[in-house]
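J.: Residue numbers (our numbering), protein chains in the order written: chain A, -15 to 334; chain B, -15 to 334. Provided herewith is a single structure, encoded as structure tokens, for subsequent inquiry.
Number of protein chains: 2
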Amino acid sequence: MALRGNRKPMDSKLGILLLNLGGPERLEDVYSFLYNLFADPDLLRLPVPPLQKPLAALIAASRSPTTRENYAAIGGGSPLRRITEEQAQALTAALAVRDIPAQTYVAMRYWHPFTEEALNQIEADGIETLVILPLYPQFSISTTGSSLNRLEQLWRQRPRLQGVTKIVIRSWHDAPGYLQAMAESIERRITTFHEPDAAHIFFSAHGVPVKYVTQYGDPYQAEIENCVDGIMNLLRRRYQRYNAHTLAYQSRVGPVEWLRPYTEDAIASIARRGIGDLVVVPISFVSEHIETLQEIDMEYRELAEAAGIHRFERVPALNTDPAFIEALADLVSQALAPEPPQASPMAIAA
Amino acid sequence: MALRGNRKPMDSKLGILLLNLGGPERLEDVYSFLYNLFADPDLLRLPVPPLQKPLAALIAASRSPTTRENYAAIGGGSPLRRITEEQAQALTAALAVRDIPAQTYVAMRYWHPFTEEALNQIEADGIETLVILPLYPQFSISTTGSSLNRLEQLWRQRPRLQGVTKIVIRSWHDAPGYLQAMAESIERRITTFHEPDAAHIFFSAHGVPVKYVTQYGDPYQAEIENCVDGIMNLLRRRYQRYNAHTLAYQSRVGPVEWLRPYTEDAIASIARRGIGDLVVVPISFVSEHIETLQEIDMEYRELAEAAGIHRFERVPALNTDPAFIEALADLVSQALAPEPPQASPMAIAA
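The following block contains the structure:
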């Protein structure tokens, strides 16, 4: 997918385009945001394509009241735009330190700033090399795949972009800097427990329908599982943390089967084991948003406490964690100078 | 469940009763064995109790041809009786070394020697204290529960047994000696790999229907998961093995949902992750039988190899592994002298 031109990218005017999902900034945006979400066939594959839009309108209307309540509970809107713009600024600064001057842009899939808005700005700024960096560590057809499809579709329509060198980073679930930032963040939270060794590490990833993996070839589950094992490996080797862990999938909607275990079932199962202390790690999100602030912190916490889990501590999303921003800067640097990476003490042995 | 009389058990004539499932010794036993299995409402709960026996006959008849083929593939019968009798002899010897003279008996749930046969012998030998030791490390309603129900039913009908002190060991999924025997056995197999750190440890437990856990309160899943985490903890702390692992459930039959992930799905998922080396650990069985020798070694191996896994090495069942027999002797000793156990270097820290 990485398209590289003939000239050396480092000499040209460089842009970094961050891709993310987007979220409604105000309660009155909720319906339109949900409509955009469900109208995307990469996210929700309806059996009769011409019905995608009317059905999206119907589903969006039926889910709006609850979704509005959920956004109201976290302050009336999604913080995703603000956090993503902070990440963009921090990344620009980290690249500047490495003598890589770059402009950063944000393209959200389902809300402002939309991909069109980002591309307008990229054209206006005369960017010559553009690194596309999805803020999804693990590739899924429904997230990175959808954003890249949308980008490709709009890109083809703009003659001025045809001369731009485009470098796509498809996924970075195994990037050493990212795994290390996650391990550090978990370690910081574990040390706050009275008995750190007894805390059970509970990874919660966003789910996808099983058929994405088994029928459409989505690498998402494989990348999530490899990512979790990579983080656990660092925790063991670097911090001598031998805690047990569980991986579950959250946020299921609709009637079809999604990846299992579902987070709610896994919480019940852990409670039955007599485990009382959970360190909850959102694994497919790098920014706080509704699935962390409302779904994990409120809904799943309530379930857990009702089931007898007395300590439920969530690890924050990475947001602008300096180790994470450095990891993103590493990804950009490597994409621009794609020599084989040096053997590094950060590399995971197993 | 442990019933203890007033006299000191160590002074009385001691018996140890080992409980297990049983298996057909010859191909012509297969139908009757399957009938016994499916006629047990603890193992298969049919919605209309009076139909249990005729339906059991039907299911047994329909499954017999395949089951006979499977037993034919492992030499024409189950080795379970022979192995269990060897375990009984080894346990007698291990207890004798500890100055605990005891007779051992075997009661199989679905084939010879049946519980009746064991009780006849226990009466004839004049046993005064009987320790009941199920050869299932983890309790399930469908295994240990069924055997204990059957034993209780027959026990009540025998006046001569009413004076016998009965000590029941319900489960021992967290017994340090057992966990250590398992960890040692896995460690021995891992060291045979060219790259031991890259081997993925794949625990396969016998499955049960989900409703056993969620509706009937079966502790099976919790005990399996705690057991796996206990073994992994020992591997990390004692052998510095930081390998990733997976737990899956095998042997599903019938239309209802069983515990997940199913072993066949988990193998496919691991293959998609690009993992090539599997150390397969049967976790709910302590003796070789059809589910290890045929289902894992033949069926699951074939699936795994077709999916691209190039090394599939099973850890043997514990059988008469000396560390395992010592662990059983520990269980018996502790049941007879149930003081609080001393802090031991074998204890698991987390």
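Even glycine gets a Cβ: it sits at the ideal position worked out from N, Cα and C.
Quick one: which unbroken alpha helix (DSSP H) runs of 4-plus residues sit fully inside the region 50 to 87 of chain A? Chain order, please.
T.: Taking only runs of at least 4 residues, the alpha helix (DSSP H) segments lying wholly in the region 50 to 87 of chain A are 64 to 81.
J.: Using a Cβ-Cβ cutoff of 8 Å, what residues of the region 225 to 251 of chain A are near chain B? List them in chain order.
T.: Against chain B - using a Cβ distance shorter than 8 Å - the residues of the region 225 to 251 of chain A are 226, 227, 228, 244, 245.
J.: At the 8 Å Cβ level, is residue 199 of chain B part of the contact set with chain A, yes or no?
T.: No, because no Cβ of chain A sits closer than 8 Å to the Cβ of residue 199 of chain B.
J.: Which first and last residues belong to the alpha helix (DSSP H) in which residue 205 of chain A is found?
T.: Element bounds for residue 205 of chain A: 204 to 223.
J.: Where does the unbroken beta strand (DSSP E) through residue 188 of chain A begin, and where does it stop?
T.: Taken as a continuous stretch (DSSP letters only), the beta strand (DSSP E) holding residue 188 of chain A covers 184 to 190.
J.: Return the residues of the region 199 to 218 of chain A that lie within a Cβ-Cβ distance of less than 8 Å from chain B, sorted by chain order.
T.: Result list: 203, 205, 206, 209, 210, 213, 216, 217.
J.: Mind listing which residues of the region 164 to 175 of chain B have their C-beta closer than 8 Å to chain A's C-betas, in chain order?
T.: Result list empty, no residue passes.
J.: If we define contact as Cβ-Cβ less than 8 Å, is residue -8 of chain A a contact residue for chain B?
T.: Any answer about residue -8 of chain A is weak, because its pLDDT of 46 lies below 50 and its placement is not dependable; what the coordinates show is given next. No, its Cβ sits nowhere closer than 8 Å to a Cβ of chain B.
J.: Round the Cβ separation of residue 88 of chain B and residue 138 of chain B to the nearest angstrom and send it over; I've been treating them as touching at under 8 Å.
T.: No, residue 88 of chain B and residue 138 of chain B are not in contact; Cβ-Cβ is about 18 Å, not under 8 Å.
J.: Whose C-alpha, out of B:103, B:188, B:185, is nearest the C-alpha of residue 146 of chain B?
T.: Nearest option by C-alpha distance: B:103.
J.: Cβ of residue 67 of chain B within 8 Å of Cβ of residue 272 of chain B?
T.: Going by C-beta atoms, residue 67 of chain B is nearer than 8 Å to residue 272 of chain B.
J.: Would you give the residue range spanned by the alpha helix (DSSP H) that residue 103 of chain A belongs to?
T.: Here the alpha helix (DSSP H) through residue 103 of chain A covers 99 to 108.
J.: Pull up the distance between the alpha-carbon of residue 125 of chain A and that of residue 175 of chain A, whole angstroms please.
T.: Going by the C-alpha atoms only, they are around 36 Å apart.
J.: For residue 297 of chain A, write down the residues that DSSP places opposite it in a beta bridge.
T.: Per DSSP, A:263.
J.: Taking Cβ positions, are residue 257 of chain A and residue 246 of chain A nearer each other than 8 Å?
T.: Taking 8 Å as the Cβ cut-off, residue 257 of chain A and residue 246 of chain A do not qualify as a contacting pair.
J.: Decide yes or no for the touch test of the region 79 to 94 of chain B against the region 42 to 56 of chain B: beta carbon pairs closer than 8 Å, at least 3 of them.
T.: No, the region 79 to 94 of chain B does not touch the region 42 to 56 of chain B.
J.: Decide if residue 282 of chain A is buried, meaning its Cβ has at least 16 other Cβ atoms within 10 Å, or exposed.
T.: The residue in question, residue 282 of chain A, is exposed, as its Cβ has fewer than 16 Cβ neighbours within 10 Å.
J.: Taking the straight line between their C-alpha atoms, what separation do you get for residue 22 of chain B and residue 118 of chain B?
T.: The straight-line gap from Cα to Cα measures roughly 20 Å.
J.: Please list the partners that residue 256 of chain B has in chain A, where partner means a Cβ-to-Cβ separation under 8 Å.
T.: Per Cβ cutoff of 8 Å: 197, 203, 205, 206.
J.: Going along the region 308 to 320 of chain A in order, which residues come within less than 7 Å of chain B, judged by CB to CB distance?
T.: Result list empty, no residue passes.
J.: Quick check: residue 280 of chain B and residue 264 of chain B, are their CB atoms within less than 8 Å of each other?
T.: Yes, the pair counts as a contact, with Cβ atoms nearer than the cut-off.
J.: My guess is that residue 27 of chain A and residue 92 of chain A are in contact by the Cβ rule of under 8 Å, so how many angstroms apart are they, rounded?
T.: The pair is not a contact, with the Cβ atoms about 13 Å apart (cut-off 8 Å).
J.: At the level of alpha carbons, what is the spacing between residue 195 of chain B and residue 204 of chain B?
T.: Answer to the nearest angstrom: the Cα atoms are 12 Å apart.
J.: Which residue or residues does DSSP assign as beta-bridge partners of residue 91 of chain B?
T.: Partner(s): B:3.
J.: Shorter than 8 Å from the beta carbon of residue 253 of chain A to some beta carbon of chain B?
T.: Taking Cβ atoms only, chain B reaches closer than 8 Å to residue 253 of chain A, which makes this a yes.
J.: Note down, in chain order, each residue of its chain lying with its Cβ closer than 7 Å to the Cβ of residue 8 of chain A, except the 5 sequence neighbours on either side.
T.: Around residue 8 of chain A: 14, 17, 55, 61, 62, 95.
J.: State yes or no: is the beta carbon of residue 222 of chain B nearer than 8 Å to at least one beta carbon in chain A?
T.: No, its Cβ sits nowhere closer than 8 Å to a Cβ of chain A.
J.: In whole angstroms, what is the alpha-carbon distance linking residue 48 of chain A and residue 42 of chain A?
T.: Looking at the two C-alpha atoms, the distance is approximately 10 Å.
J.: My understanding is that residue 158 of chain B touches residue 227 of chain B, with C-beta atoms under 8 Å, so please give their C-beta distance in whole angstroms.
T.: The pair is not a contact, with the Cβ atoms about 21 Å apart (cut-off 8 Å).
J.: So the beta strand (DSSP E) residue 335 of chain A belongs to, where does it begin and stop?
T.: Absent from the structure is residue 335 of chain A, since the part of chain A shown begins at -15 and ends at 334.
J.: Counting beta carbon pairs with one atom in the region 185 to 199 of chain A and one in the region 149 to 157 of chain A, are three or more of them shorter than 8 Å?
T.: At 8 Å Cβ cutoff, the stretches do not touch.
J.: Below 8 Å on the Cβ atoms is my contact criterion, and I expect residue 109 of chain A with residue -1 of chain A to pass it. Report the Cβ-Cβ distance as a whole number of Å.
T.: Confirmed, Cβ separation roughly 7 Å.
J.: Tell me residue 229 of chain B's beta-bridge partners as DSSP assigns them.
T.: DSSP lists B:185 as partners of residue 229 of chain B.
J.: Who are residue 127 of chain B's beta bridge partners in DSSP?
T.: For residue 127 of chain B, which the question treats as bridged, DSSP gives no partner whatsoever.
J.: By the DSSP assignment, the alpha helix (DSSP H) with residue 152 of chain A in it spans what residues?
T.: Per DSSP, residue 152 of chain A belongs to no alpha helix (DSSP H); it is in the beta strand (DSSP E), 149 to 152.
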